[in-house]
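Report on one structure; see the data block that follows.
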Amino acid sequence: MAMLEVKNLGISFGGLRAVDEFNIKIEEGQLYGLIGPNGAGKTTVFNMLTGVYTPTDGSIVLDGQNITGKKTVEINKAGIARTFQNIRLFTEQTVIDNVKIGLHNEKQYSMLTGILRLPKYKKIEKEMDEKALELLKVFDLDGEADLLAKNLPYGKQRKLEIARALATNPKLLLLDEPAAGMNPNETEELMKTIRFVRDHFKMTVLLIEHDMKLVSGICEELTVLNFGQVLCQGKTMDVLSNPEVIKAYIGD
Amino acid sequence: MKNLKKSSKDHLITYGILLLVYIVAEILIKTGNMSSLMQGILVPVCVYSLVAIGLNLCVGYLGELSLGHAGFMCVGAFCGAYTTKMLQGTINNEILLFTIALVVGVIMAALFGFLVGIPVLRLKGDYLAIVTLAFGEIIKNIINVLYIAKCSDGMKVAITDGGAIEVDEAIGEMWLVNGAKGINRIPHLSNFTIGMILIFVALFVVFHLVDSRSGRAIMAIRDNRIAAESVGINITKYKMMAFVISAAIAGAGGVLYAHNLSTLTATPTNFGYNMSIMILVFVVLGGMGSFRGSIIAATILTILPEGLRGLADYRMLIYSVLLISMMLFNWAPAAVNWKKKVMASINNKTSKKGQVE
Chain A
1 MAMLEVKNLG ISFGGLRAVD EFNIKIEEGQ LYGLIGPNGA GKTTVFNMLT
51 GVYTPTDGSI VLDGQNITGK KTVEINKAGI ARTFQNIRLF TEQTVIDNVK
101 IGLHNEKQYS MLTGILRLPK YKKIEKEMDE KALELLKVFD LDGEADLLAK
151 NLPYGKQRKL EIARALATNP KLLLLDEPAA GMNPNETEEL MKTIRFVRDH
201 FKMTVLLIEH DMKLVSGICE ELTVLNFGQV LCQGKTMDVL SNPEVIKAYI
251 GD
Chain B
1001 MKNLKKSSKD HLITYGILLL VYIVAEILIK TGNMSSLMQG ILVPVCVYSL
1051 VAIGLNLCVG YLGELSLGHA GFMCVGAFCG AYTTKMLQGT INNEILLFTI
1101 ALVVGVIMAA LFGFLVGIPV LRLKGDYLAI VTLAFGEIIK NIINVLYIAK
1151 CSDGMKVAIT DGGAIEVDEA IGEMWLVNGA KGINRIPHLS NFTIGMILIF
1201 VALFVVFHLV DSRSGRAIMA IRDNRIAAES VGINITKYKM MAFVISAAIA
1251 GAGGVLYAHN LSTLTATPTN FGYNMSIMIL VFVVLGGMGS FRGSIIAATI
1301 LTILPEGLRG LADYRMLIYS VLLISMMLFN WAPAAVNWKK KVMASINNKT
1351 SKKGQVE
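Heads up: the protein sequence lines correspond to chains A and B, in order. Read left to right, the first sequence gives residues 1 to 252 (this note's numbering). Read left to right, the second sequence gives residues 1001 to 1357 (this note's numbering).
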């Protein structure tokens, strides 16, 4: 069974058909790329997958569970975590607290337990600290655990966002332009990180990207979106050599 | 881990300062070195500190501007005083009486916080401020037309038409709430000690709340609502939690306030728009997110006008100048840098000393 199966997904904003007849099938453990020119509707697809927008038609099935039209919080609980095109961290909180917020539903105790500092509070906070540090170590962020998130350099903020998403223990990780604003060295490192995340956490990854080096370097399959419609789908090498795709990107 | 230690150390310092202030004030009172004017101001200082702590939770941690906290204070004050009046004859232990009034006042304020929160927390920014502002005014106006009396043939309630109820005090009937005349002859149950205990309890609650799973969720919503949703945080639940606790603390302040007066009325000066703004000034001046700062600002700004009374006409002029200087001292970049330098040099000295020893 596929990890994610999207059928005939579409959304209209008033008279504008932003995405139409979008189909995608991602197997477990796959690194899948979603590419396309600016305004093609890639982020709109992400927003539908994560419940920010409710699709006008079509269905989304995650690991056998129909999540079409559910709310963001429920979709996260069902197993989709994401990062954002323009980084959205909890800037005024520490790096470790950002990850601990990601653990919000994994490790629970009630408000009263927190206020009265019952034994359960100590136990779970300790578990949270350990789990969060473990995650930070994976991304080489454990040295900055007590820094405020806003004081991290750009590349590390991206990594922290991925760490936070992974803390929610997802089945599918959505990365929205992870390499945006990175220099070639940082991109190189990011590629390693993404591959590592897939192998280490046995994660299925769907990413939006403009950086062709990154896309051709790590994605196994691609879907190209243009004007809200799927232009081409298949193995990365086949897709990138498709004349239609080249035309959409570079023009005639 | 270090961070956790640092924050709990910070909390201990706050508790320590408060305890010290309490002891010094008590000694001054016992030895007769505190003027009656100052003694009279101690409970109001506690009241405003409490309400400021409550509002700081809402503004500083939840990130929502509420201009209606005087309204929650008003609910707490009237429900608390009403309870005391009702139970006055049956319960003679003052502390027990106050505790019951406190519980009722806090629960009612929390309930109103919840009811107002249902529509209000769907709004953002200015709209939230406008609706909470209106709430504060509405509460005050409702209480001004509410008449409740304990008569020989049971309780009588009227709205606007107070004349319809006849109260004969000679046969033991009495007004509980007498419209614009408010609640009369409230037993004087508040004192400085109770006020300080309430502040300690409020601090205990907010410090521990902020430094827990729920507190992190609340701050996550403040920092980035969309990201908070994407990691599975129930926005409505945590917004409501912060707002209700905030209202409840303001309610506790109200109960304390009510039992410090013999006659409680809802006027624009004590529960109106100006009071809500005043509390917001305490919070902003003391620093959003700093409960200790709220208490300090509330204390200074409550004592100042009284202390300046001798200056008669120039009182408000000097008050405003001091307010602006405090603001500059707290927030102007030059002043902030200077404070950092001073703190760093102090830290250096103490750490050096430690090494020598």
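Where is the CB? At the ideal position from N, CA and C, for every residue including glycine.
- [ ] Verify the CB distance criterion: does residue 1292 of chain B have a CB-CB separation below 8 angstroms to chain A?
- [x] no
Task: Coarse secondary structure for residue 208 of chain A, derived from DSSP in three states - done: strand
Open item on the list: Taking 8 angstroms as the cut-off, does the segment 1245-1256 of chain B touch the segment 1071-1081 of chain B (at least 3 CB pairs, one atom from each stretch)?
Closed with: yes
Open item on the list: Please tell me whether residue 127 of chain A has its Cβ less than 8 angstroms away from any Cβ of chain B.
Closed with: no
Open item on the list: List, in chain order, every chain A residue whose beta-carbon is nearer than 9 angstroms to that of residue 1208 of chain B.
Closed with: 114, 115, 116, 117 and 121
TODO: Check the C-beta distance from residue 90 of chain A over to residue 1211 of chain B and give it rounded, since I have them as a contact under 8 angstroms.
DONE: Actually they are not in contact, since the Cβ atoms of residue 90 of chain A and residue 1211 of chain B sit about 15 angstroms apart, beyond 8 angstroms.
Open item on the list: Going by the DSSP bridge assignment, what does residue 13 of chain A pair with across the sheet?
Closed with: A:16
Task: Helix, strand or coil at residue 1157 of chain B according to DSSP, with G and I counted as helix - done: strand
Open item on the list: So, for residue 1109 of chain B: in the same chain, excluding its five sequence neighbours on each side, which residues have a beta-carbon less than 7 angstroms away from its beta-carbon?
Closed with: 1072, 1075, 1076, 1247, 1248, 1250, 1251 and 1254
Open item on the list: Using C-beta distances below 8 angstroms, list every residue in its chain close to residue 127 of chain A, excluding the 5 sequence neighbours before and after it, in chain order.
Closed with: 107
Open item on the list: Taking DSSP's pairing of strands, which residues face residue 232 of chain A in a bridge?
Closed with: A:224
- [ ] State the DSSP-derived secondary structure class of residue 1174 of chain B, mapped to helix, strand or coil.
- [x] strand
Task: Bridge partner(s) assigned by DSSP for residue 47 of chain A - done: Bridge partners of residue 47 of chain A: none, in fact.
- [ ] Provide the residue(s) that pair with residue 1149 of chain B in DSSP beta bridges, ordered along the chain.
- [x] B:1156 and B:1175
Task: For residue 44 of chain A and residue 176 of chain A, believed in contact at Cβ under 8 angstroms, the rounded distance - done: Rounded, the Cβ-Cβ distance is 11 angstroms, inconsistent with contact.
TODO: Would you check if the distance between the CB atom of residue 230 of chain A and the CB atom of residue 152 of chain A is smaller than 8 angstroms?
DONE: no
Open item on the list: Give me the chain A residues within the contact set of residue 1224 of chain B, using Cβ-Cβ distance strictly less than 8 angstroms, ordered along the chain.
Closed with: 88, 89, 90 and 91
Open item on the list: Along the chain, where does the beta strand (DSSP E) containing residue 82 of chain A start, and where does it finish?
Closed with: 80-82
Open item on the list: So the candidates are A:211, A:82 and A:124; which of them puts its Cα closest to the Cα of residue 186 of chain A?
Closed with: A:211
Open item on the list: Going by DSSP in three states, residue 6 of chain A sits in which element: helix, strand or coil?
Closed with: strand
Open item on the list: To the nearest angstrom, how far is the alpha carbon of residue 1144 of chain B from that of residue 1079 of chain B?
Closed with: 14 angstroms
Open item on the list: Going by DSSP in three states, residue 35 of chain A sits in which element: helix, strand or coil?
Closed with: strand
- [ ] Can you check DSSP and say which residues form a bridge with residue 59 of chain A?
- [x] A:7
Task: Any chain B beta carbon closer than 8 angstroms to residue 6 of chain A - done: no
Open item on the list: Classify residue 237 of chain A: buried if its beta carbon has 16 or more other beta carbons within 10 angstroms, exposed otherwise.
Closed with: exposed
Task: Residue ranges of each alpha helix (DSSP H) within the segment 1237-1296 of chain B, 4 or longer - done: 1268-1271 and 1273-1286
- [ ] List the endpoints of the continuous beta strand (DSSP E) containing residue 176 of chain A.
- [x] 172-176
- [ ] Check whether the Cβ atoms of residue 80 of chain A and residue 174 of chain A sit closer than 8 angstroms, and answer yes or no.
- [x] yes
- [ ] Please classify residue 65 of chain A: does DSSP put it in a helix, a strand, or coil?
- [x] strand
Open item on the list: If I measure Cβ to Cβ from residue 1150 of chain B and keep anything under 7 angstroms in the same chain, skipping five residues before and after, which residues do I get?
Closed with: 1173, 1174 and 1176
Open item on the list: So residue 227 of chain A and residue 78 of chain A are supposed to be a Cβ contact under 8 angstroms. How far apart are they, rounded?
Closed with: At roughly 30 angstroms, the Cβ-Cβ gap does not stay under 8 angstroms, so residue 227 of chain A and residue 78 of chain A are not in contact.
Task: Distance, residue 53 of chain A Cα to residue 1269 of chain B Cα - done: 47 angstroms
Task: Against chain A: residues of the segment 1230-1251 of chain B by CB proximity under 7 angstroms - done: 1230, 1231, 1232, 1233, 1234 and 1241
Task: At least 3 beta-carbon pairs within less than 8 angstroms: the segment 212-226 of chain A vs the segment 16-33 of chain A - done: yes
Task: Given residue 1113 of chain B as reference, the closest of B:1243, B:1029 and B:1187 once Cα atoms are compared - done: B:1243
TODO: Compute the Euclidean distance between the alpha carbons of residue 1063 of chain B and residue 124 of chain A, then round it to the nearest angstrom.
DONE: 27 angstroms
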